[in-house]
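J.: My structure is below; once you've seen it, I'll send some questions.
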Amino acid sequence: MQRKSPYKAIVIGSSAGGINALTKVLSVLPADFPLPIVIVQHLHPESGHHLPHILGTKSALKIKQADEKELIKKGWVYLAPPNYHLLIEEDFTFSLSLESPVNYSRPSIDVLFESAVYAYRQHLIGIILTGANHDGSLGLKKIKETGGFTIVQDPKTAEADAMPKAAIEATTIDKILPLQDIGLYLLQLVNRKYN
Amino acid sequence: MLDDIDNQNIELQLLLQAIYLKYGYDFRNYAKASVRRRVEHFMKKENLNSFAETQHKILYEVNFFDRLLLDLSVNVTEMFRDPNFYRSFRQNVVPFLKKQPFLKIWHAGCASGEEVYSMAILLKEEGLYNKSQIYATDMNQVILNQAKEGIYLINRLKLYTENYQKAGGKESFSDYYIAHYDHVVMNKSLKENILFSDHNLATDGVFGEMHVIFCRNVLIYFNRDLQNRALGLFNDSLINHGILCLGSKESIRFSEHSNIFVDVDKDEKIYAKEISL
Ligand SMILES: C[S@@+](CC[C@H](N)C(=O)[O-])C[C@H]1O[C@@H](n2cnc3c(N)ncnc32)[C@H](O)[C@@H]1O
């Protein structure tokens, strides 16, 4: 018997150069993409309120800033609000926190990824894109150790390669992909039939 | 690893239960993902590898628990945090307060007091302070003592002064404190009508007939049940038409009390209790 994809959600972390990279990835995905996508993009605390709009113009998906206690739904892309950590609870709602920056970052990718593992366990796809720091490596490691799927942007195609490199060093990566292939690969991954 | 996650969930729950049974602080209905983070962060800091060991120390070392308590809740705050909120308060709430013969005001989860002094300054400038009784509460005694003292690091003052101005301050911010070396002491006259006391939104009860309740950046750390409990307390503690002010990312939208409150300023999370009789 054939089963649908075992994955229930995608988390993405990006930093320097991330807006372009996210635009590329999201622009490939259709409006009926079956998984919710939750994103931490590092931003200056005062900016970033326009990010949902910027990404939205190039994507068929619905994009919004995550609200506290909001239930996560498929067909949506959620962005961490600037200056808050974004966490996923086990009932698939969001929580926000103003606790200290992690890896000098708030929102922090590690914080999102680690909480997502507790909620989605092995049904999670984690992606690290371009960035100039090391945030996200520990979170991606945790995703891998729990049986989730890990993807990293090929550092050669990244505007800043430190973050993808750190992730590759931290754990086993299922797929290292050039930026332009990530969206298509996700489509295959979630539409593939499993025996 | 999957087993690990289940086991860690159990251990975390046991640890929170132990805290509750031993000390009465109830973190069991806090947003779990962030409580877990903070416990783990604390364990790292204290070089502890297991929940079991941590729990043992919690039960047998009171000092250890006091340190954990400070780390379990997020205490960051600032003067005139979100200046636009204060601006809106002046514009949309102060006219209503001017019509009242006296005012009772409650800051729930006041942390180290910056929010309380900010509002005291605003009330003074609007000619409301002398008819106000202000209650400033927090569950954390250590933090509450800092609030009572009203002593803050001078290196924060640049930000606070900017915030004060953006918030529509009418005087010079430096009129409200005295500087001593690396810190400032808030004026005594700001404290006259403030009563500081212990109150836990998870376990304590209603708090008198308030005209205004501030509970900012506290509810985001609660799960929905505990949010509902706290909002129920606020509802019961407010006079009709009383004002509720939440933090900028908090909302009553997802709560069971949302139909009792109307928006005063939706963006700044200012609500009014409206019961139609
Ligand atoms: C982030 S501070 C908010 C300070 C201030 N209201 C502000 O917005 O800047 C959160 C405070 O809530 C307090 N708190 C957390 N849980 C509480 C509870 N159950 N009852 C009362 N206070 C609580 C913490 O001790 C902490 O001081």
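First to last, the protein sequences are chains A and B. Its first residue numbered 1, the first sequence is counted upward by one per residue in my numbering. Its first residue numbered 1001, the second sequence is counted upward by one per residue in my numbering. Just so it is clear, CB atoms sit at the ideal spot from N, CA and C, and this is done for glycine as well. Every value quoted in this text rests on a predicted model; they were computed, and no experiment measured them.
So, with DSSP's three-state summary, where would you put N195 (chain A)?
T.: The predicted model places N195 (chain A) with a pLDDT of 48, which falls under 50 and marks its position as unreliable, so this point remains unresolved.
J.: Please list, in chain order, the chain A residues whose beta carbon lies closer than 7 Å to that of L1233 (chain B).
T.: Neighbours of L1233 (chain B) on chain A: none; closest Cβ ~18 Å, over 7 Å.
J.: Spell out a yes or no on whether the segment 1012-1027 of chain B and the segment 1050-1060 of chain B are touching, meaning 3 or more CB-CB pairs, one atom from each, closer than 8 Å.
T.: Yes: at least three Cβ pairs fall under 8 Å.
J.: Taking three-plus beta-carbon pairs below 8 Å as touching, is the segment 81-89 of chain A in contact with the segment 108-115 of chain A?
T.: With a cut-off of 8 Å, the segment 108-115 of chain A and the segment 81-89 of chain A count as touching, because enough Cβ pairs lie within range.
J.: Mind checking if K1045 (chain B) is an interface residue toward chain A, Cβ cutoff 8 Å exclusive?
T.: Not one chain A Cβ lies under 8 Å of K1045 (chain B).
J.: Under 8 Å: do the segment 152-168 of chain A and the segment 1001-1013 of chain B share three or more Cβ pairs, one atom per stretch?
T.: No, the segment 152-168 of chain A is not in contact with the segment 1001-1013 of chain B.
J.: Under 8 Å between C-beta atoms, does N195 (chain A) make it to chain B?
T.: In this prediction, N195 (chain A) scores a pLDDT of 48, lower than 50, which makes its location untrustworthy; no coordinate-derived value is stated.
J.: Regarding L1233 (chain B) and ligand 1, is the C-beta to nearest heavy atom distance less than 7 Å?
T.: Because no heavy atom of ligand 1 lies under 7 Å away, the Cβ of L1233 (chain B) does not count as near it: no.
J.: Within this structure, are the beta carbons of F962 (chain B) and A1033 (chain B) separated by less than 8 Å?
T.: As displayed, chain B neither begins before 1001 nor continues past 1277, which places residue 962 (chain B) out of reach and without an answer.
J.: What separation, rounded to the nearest whole angstrom, lies between the Cα atoms of E1078 (chain B) and Y1160 (chain B)?
T.: Whole-angstrom Cα-Cα distance: 7 Å.
J.: Between B:I1154, B:Q1100, B:G1150, which has its C-alpha nearest S1112 (chain B)'s C-alpha?
T.: It is B:G1150 whose Cα lies nearest to the Cα of S1112 (chain B).
J.: Near I1270 (chain B), which residues of its chain fall below 6 Å by C-beta distance, leaving aside the five closest residues on each side in sequence?
T.: So the list reads C1245, V1264, once near-sequence residues are dropped.
J.: Could you tell me how far apart the beta carbons of I1134 (chain B) and N1075 (chain B) are, in whole angstroms, since I believe they sit closer than 8 Å?
T.: Contact doesn't hold; Cβ gap of about 20 Å is too wide.
J.: Kindly list, in the order they appear in chain B, the residues whose Cβ is closer than 7 Å to that of Q122 (chain A).
T.: Result: L1002.
J.: What do you get for L184 (chain A), buried or exposed, if any count of 16 or more other CB atoms within 10 angstroms of its CB means buried?
T.: So L184 (chain A) counts as exposed.
J.: Given that a residue counts as buried once 16 or more other Cβ atoms are within 10 Å of its Cβ, and exposed if not, what is K1266 (chain B)?
T.: Looking at its Cβ environment, which holds fewer than 16 other Cβ atoms inside 10 Å, K1266 (chain B) is exposed.
J.: Quick one: which residues of the segment 70-98 of chain A get their C-beta closer than 7 Å to a C-beta of chain B? List them in chain order.
T.: Answer in chain order: P81, Y84, L87, I88, E89, E90, S95, L96, S97, L98.
J.: Do L1002 (chain B) and G147 (chain A) have their C-beta atoms within less than 8 Å of each other?
T.: Taking 8 Å as the Cβ cut-off, L1002 (chain B) and G147 (chain A) qualify as a contacting pair.
J.: Can you grab the Cα-Cα spacing for the pair G136 (chain A) / L177 (chain A), in whole Å?
T.: Roughly 17 Å separates the two Cα atoms.
J.: Who does H1180 (chain B) pair with in a DSSP beta bridge?
T.: Partner(s): B:H1183.
J.: Report whether the distance from the Cβ of N1009 (chain B) to the nearest heavy atom of ligand 3 is below 7 Å.
T.: Among the ligands modelled here, namely ligand 1, ligand 3 does not occur.
J.: By the DSSP assignment, the beta strand (DSSP E) with I127 (chain A) in it spans what residues?
T.: 124-128 is the extent of the beta strand (DSSP E) around I127 (chain A).
J.: Does the beta carbon of G13 (chain A) come closer than 8 Å to any beta carbon on chain B?
T.: Chain B contact via Cβ: absent.
J.: If we cut at 8 Å on Cβ distances, does P146 (chain A) have a partner in chain B?
T.: Per the sequence presented here, residue 146 (chain A) reads as Thr, with Pro not at that position. Taking Cβ atoms only, chain B reaches closer than 8 Å to T146 (chain A), which makes this a yes.
J.: Determine the DSSP secondary structure at K1266 (chain B), reduced to helix, strand or coil.
T.: Three-state result, K1266 (chain B): coil.
J.: Return yes when the Cβ of V117 (chain A) is within less than 8 Å of the Cβ of I143 (chain A), no when it is not.
T.: Their beta carbons are under 8 Å apart, which means I143 (chain A) touches V117 (chain A) by this criterion.
J.: What distance in whole Å lies between the Cβ atoms of H134 (chain A) and P6 (chain A), which are believed to be in contact at a cut-off of 8 Å?
T.: Rounded, the Cβ-Cβ distance is 29 Å, inconsistent with contact.
J.: Are H1107 (chain B) and V1116 (chain B) closer than 8 Å when you measure CB to CB?
T.: In this structure, V1116 (chain B) lies closer than 8 Å to H1107 (chain B) by Cβ.
J.: Of the choices B:Q1141, B:L1103, B:F1064, whose alpha-carbon is the least far from that of H1241 (chain B)?
T.: Considering only alpha carbons, the answer is B:L1103.
J.: Looking only at C-alpha atoms, which of B:R1028, B:N1140, B:E1171, B:N1029 sits nearest to D1071 (chain B)?
T.: Minimum Cα distance to D1071 (chain B) is reached at B:N1140.
J.: Under the three-state reduction of DSSP, which class applies to H1056 (chain B): helix, strand or coil?
T.: Residue state, collapsed to three classes: helix.
J.: So which of A:I37, A:P82, A:R121, A:I12 has the shortest CA-CA distance to R106 (chain A)?
T.: Among A:I37, A:P82, A:R121, A:I12, the Cα nearest to that of R106 (chain A) is on A:P82.
J.: Ligand 1 and G1024 (chain B): does any heavy atom of the ligand fall closer than 7 Å to the residue's C-beta?
T.: G1024 (chain B) Cβ: outside cutoff for every heavy atom of ligand 1.
J.: For Y7 (chain A), would you say it is in contact with chain B, using Cβ-to-Cβ distances shorter than 8 Å as the test?
T.: Closer than 8 Å: no.
J.: Assuming L79 (chain A) contacts A66 (chain A) (C-beta within less than 8 Å), just tell me the rounded distance between them.
T.: Sure, about 7 Å apart at Cβ, within 8 Å.
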